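Novice: Mapping to numbering that gives the first Met the number 0: the sequence shown position 30 is 29, numbers consecutive.
Here's a structure for you.
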Amino acid sequence: MDGKELRAILSKNIKLYRNHHGLSQADLAEKADISIPFLSSIERGIKWPYPDTLVKIAKALKIEEFELFREKKPVTNDTSLYIDRLVMDISESVSKSIEKTYHRYRGRKKAMN
(Lines of atoms letter the chains of each structure in order from A and count residues from 1; the text may use other names and numbers.)
(Lines give C-alpha, C1' and ligand atoms only; values in the text may rest on other atoms or scores of the structure.)
Protein backbone atom coordinates (compact mmCIF):
# COMPACT_ATOMS: atom_id res chain seq x y z
CA MET A 1 0.00 0.00 0.00
CA ASP A 2 1.37 3.40 -0.88
CA GLY A 3 0.80 6.80 0.71
CA LYS A 4 -1.90 7.74 -1.76
CA GLU A 5 -3.95 4.64 -0.91
CA LEU A 6 -3.46 5.22 2.82
CA ARG A 7 -4.59 8.82 2.49
CA ALA A 8 -7.68 7.67 0.56
CA ILE A 9 -8.57 5.23 3.37
CA LEU A 10 -8.07 7.93 6.00
CA SER A 11 -10.20 10.41 4.06
CA LYS A 12 -13.00 7.92 3.53
CA ASN A 13 -13.02 6.79 7.16
CA ILE A 14 -13.11 10.29 8.62
CA LYS A 15 -16.08 11.13 6.44
CA LEU A 16 -17.77 7.78 7.23
CA TYR A 17 -17.44 8.21 11.00
CA ARG A 18 -18.38 11.90 10.82
CA ASN A 19 -21.56 11.07 8.92
CA HIS A 20 -22.30 8.16 11.24
CA HIS A 21 -22.30 10.56 14.19
CA GLY A 22 -24.44 13.04 12.26
CA LEU A 23 -21.74 15.69 12.35
CA SER A 24 -21.16 18.35 9.76
CA GLN A 25 -17.62 19.29 8.82
CA ALA A 26 -18.06 22.40 10.95
CA ASP A 27 -19.13 20.31 13.96
CA LEU A 28 -16.18 17.93 13.68
CA ALA A 29 -13.71 20.73 13.01
CA GLU A 30 -14.87 22.51 16.16
CA LYS A 31 -14.67 19.34 18.28
CA ALA A 32 -11.20 18.54 16.93
CA ASP A 33 -10.04 22.16 17.23
CA ILE A 34 -9.06 22.44 13.56
CA SER A 35 -10.32 24.67 10.77
CA ILE A 36 -13.17 23.64 8.50
CA PRO A 37 -11.09 24.14 5.32
CA PHE A 38 -8.33 21.94 6.77
CA LEU A 39 -10.80 19.17 7.64
CA SER A 40 -12.32 19.45 4.18
CA SER A 41 -8.91 19.10 2.57
CA ILE A 42 -8.16 16.03 4.72
CA GLU A 43 -11.47 14.44 3.71
CA ARG A 44 -10.70 15.13 0.06
CA GLY A 45 -7.23 13.58 0.42
CA ILE A 46 -5.43 16.82 -0.38
CA LYS A 47 -3.73 17.37 2.98
CA TRP A 48 -2.11 14.95 5.36
CA PRO A 49 -2.64 15.79 9.07
CA TYR A 50 0.02 15.59 11.77
CA PRO A 51 -0.34 12.75 14.29
CA ASP A 52 -1.61 15.07 17.04
CA THR A 53 -4.36 16.23 14.68
CA LEU A 54 -5.32 12.62 13.98
CA VAL A 55 -5.60 12.05 17.73
CA LYS A 56 -7.91 15.06 18.04
CA ILE A 57 -10.08 13.86 15.15
CA ALA A 58 -10.32 10.32 16.54
CA LYS A 59 -11.20 11.65 19.99
CA ALA A 60 -13.89 13.91 18.51
CA LEU A 61 -15.30 10.90 16.63
CA LYS A 62 -15.09 8.74 19.78
CA ILE A 63 -12.95 6.09 18.11
CA GLU A 64 -9.43 4.75 18.46
CA GLU A 65 -6.84 6.29 16.16
CA PHE A 66 -6.12 3.01 14.36
CA GLU A 67 -9.74 2.89 13.18
CA LEU A 68 -9.03 5.88 10.94
CA PHE A 69 -6.64 3.69 8.94
CA ARG A 70 -8.57 0.44 8.96
CA GLU A 71 -9.43 -0.55 5.44
CA LYS A 72 -13.09 -1.39 5.32
CA LYS A 73 -14.60 -3.72 2.78
CA PRO A 74 -16.87 -1.92 0.35
CA VAL A 75 -20.51 -2.03 1.32
CA THR A 76 -22.21 -4.34 -1.13
CA ASN A 77 -25.73 -4.18 0.25
CA ASP A 78 -27.91 -2.53 2.87
CA THR A 79 -27.36 -5.41 5.32
CA SER A 80 -23.61 -4.75 5.45
CA LEU A 81 -24.19 -1.07 6.08
CA TYR A 82 -26.71 -1.88 8.79
CA ILE A 83 -24.30 -4.27 10.50
CA ASP A 84 -21.44 -1.73 10.40
CA ARG A 85 -23.62 0.93 11.95
CA LEU A 86 -24.97 -1.50 14.54
CA VAL A 87 -21.45 -2.48 15.61
CA MET A 88 -20.45 1.18 15.92
CA ASP A 89 -23.58 1.97 17.97
CA ILE A 90 -23.05 -1.03 20.27
CA SER A 91 -19.41 -0.09 20.82
CA GLU A 92 -20.40 3.46 21.69
CA SER A 93 -23.14 2.26 24.08
CA VAL A 94 -20.80 -0.15 25.83
CA SER A 95 -18.19 2.58 26.27
CA LYS A 96 -20.77 4.94 27.76
CA SER A 97 -22.07 2.24 30.12
CA ILE A 98 -18.58 1.42 31.33
CA GLU A 99 -17.87 5.09 31.92
CA LYS A 100 -21.13 5.57 33.88
CA THR A 101 -20.43 2.48 35.99
CA TYR A 102 -16.92 3.69 36.72
CA HIS A 103 -18.18 7.11 37.84
CA ARG A 104 -20.87 5.53 40.04
CA TYR A 105 -18.28 3.25 41.62
CA ARG A 106 -15.94 6.18 42.27
CA GLY A 107 -18.82 8.15 43.80
CA ARG A 108 -19.73 5.29 46.16
CA LYS A 109 -16.13 4.75 47.13
CA LYS A 110 -15.72 8.45 48.01
CA ALA A 111 -18.97 8.42 50.01
CA MET A 112 -17.70 5.46 52.05
CA ASN A 113 -14.51 7.29 53.05
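Each residue gets a CB set at the ideal place from its N, CA and C atoms; glycine is no exception.
Please read all numbers here as calculations on a predicted model, not as lab measurements.
Decide yes or no for the touch test of the region 98-106 against the region 36-56: beta carbon pairs closer than 8 Å, at least 3 of them.
Specialist: With the cut-off at 8 Å, the region 98-106 and the region 36-56 do not touch.
Novice: According to DSSP, is residue 22 part of a helix, a strand, or is it coil?
Specialist: Three-state DSSP puts residue 22 in coil, outside helix and strand.
Novice: Let me know the secondary structure DSSP gives residue 106 once reduced to three states.
Specialist: Residue 106: helix per DSSP, three-state reduction.
Novice: Do residue 68 and residue 5 count as a contact pair if the criterion is CB distance below 8 Å?
Specialist: Yes; because the gap between Cβ atoms is below 8 Å, this pair is in contact.
Novice: Use the C-beta contact count for residue 56: other C-beta atoms within 10 angstroms, 16 or more gives buried, fewer gives exposed.
Specialist: Classification of residue 56: buried, given that the 10 Å Cβ count is 16 or more.
Novice: Answer yes or no: do residue 41 and residue 13 have a C-beta to C-beta separation smaller than 8 Å?
Specialist: Yes, the Cβ-Cβ distance between residue 41 and residue 13 is below 8 Å.
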